[in-house]
Structures are given as C-alpha cells and as structure tokens.
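Numbering (the numbering used here), first residue to last: 29 to 174.
Encoded structure:
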C-alpha cells in the first residue's frame, strides 16, 4: 500500500475500515479483467498446441509412389521415375497439413525438376531424402528417454 504525504487533518478522516473498503472495491472492479485475461491465455495456449501439427500423420499414400520412383531411379528408368515422382508430388500437394509434409513436398518438387533436367541420380537422392522425412514424421514420441 502506498504511503502519501498528506496533512495530519486529512489523515484523521481516513480509517482502517475505509482502506479495506477501497481495497475490496478495487479488487472487485479488476476481477472481470483478470478473469478475461486468464480465459484468453488458456484459449490461446490451446491454439498454439494445435498448431504444432497433427498427431497421427498418414503418409502411406505418399510413400508408395515415392518408393516406386526410387526403384525406377536406381534401375535407370527416367520415364517411370518422372511419372511416379510426379504422382507422389501431386499427392503431397493435396495435403499440406504439417511442416514435415511441406518439406517432403519441396524435396519431391526439386526431384521432379532434376528428373526433367536429366539428373536422375540427384533426383533419386532427393526422393530418398523425402522418404527419410516421411519415416521421421511418425506418431508422437512420449517419455523423453533414449
């Protein structure tokens, strides 16, 4: 509580009861503000947790054409590689739900561009990297230990 330098005559009129009434009134006036701030902070913390990404990403629809593209790239079949890589890219573009899927889409896009330019080994490596990202972005890991 702040102490103000007031003349003695002013201090005589202030009683302890009056001080407690002021404190109670100030508290009751600020209570709705505090409650609304608390409710907003809880609501926004839920939004930030939801923005982390989906808990169970299903990337099997991306993995099948990507694996076919890798097999075709290792066999040296550029036409099949390009067809399967474009199919994987089309599927990846249809679902950009998380940051992992966006990274996968970027790598598949660069792989298709490399295949069109004729650099099949680099394109195959990019698809393999996207497959590693698909395997990394599995379900949630709890426990924190190794």
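Positions of the beta carbon are idealized from the N, C-alpha and C atoms, including for glycine.
Nearest to residue i by CA position, among the options, is which residue?
{"i": "residue 145", "options": "115, 131, 54 and 110", "result": "110"}
{"i": "residue 114", "options": "63, 155 and 61", "result": "155"}
In or out: residue i buried (at least 16 other Cβ within 10 Å) or exposed?
{"i": "residue 122", "result": "exposed"}
{"i": "residue 57", "result": "exposed"}
{"i": "residue 68", "result": "exposed"}
{"i": "residue 98", "result": "buried"}
{"i": "residue 133", "result": "buried"}
{"i": "residue 135", "result": "buried"}
May I ask which residues mark the beginning and end of the alpha helix (DSSP H) holding residue i?
{"i": "residue 144", "result": "127–145"}
{"i": "residue 87", "result": "Premise fails: residue 87 is in no alpha helix (DSSP H) and is neither H nor E."}
Residues in the same chain with beta-carbon distance under 6 Å from residue i, minus the five sequence neighbours each way, listed in chain order, please.
{"i": "residue 151", "result": "139, 142 and 143"}
Below 8 Å CB to CB, which residues in the same chain sit around residue i once its five sequence neighbours on both sides are set aside?
{"i": "residue 104", "result": "148"}
Within the same chain, show all residues whose beta-carbon is closer than 7 Å to that of residue i, passing over the 5 residues directly before and after it, in chain order.
{"i": "residue 131", "result": "161"}
{"i": "residue 90", "result": "116, 119, 120, 132 and 162"}
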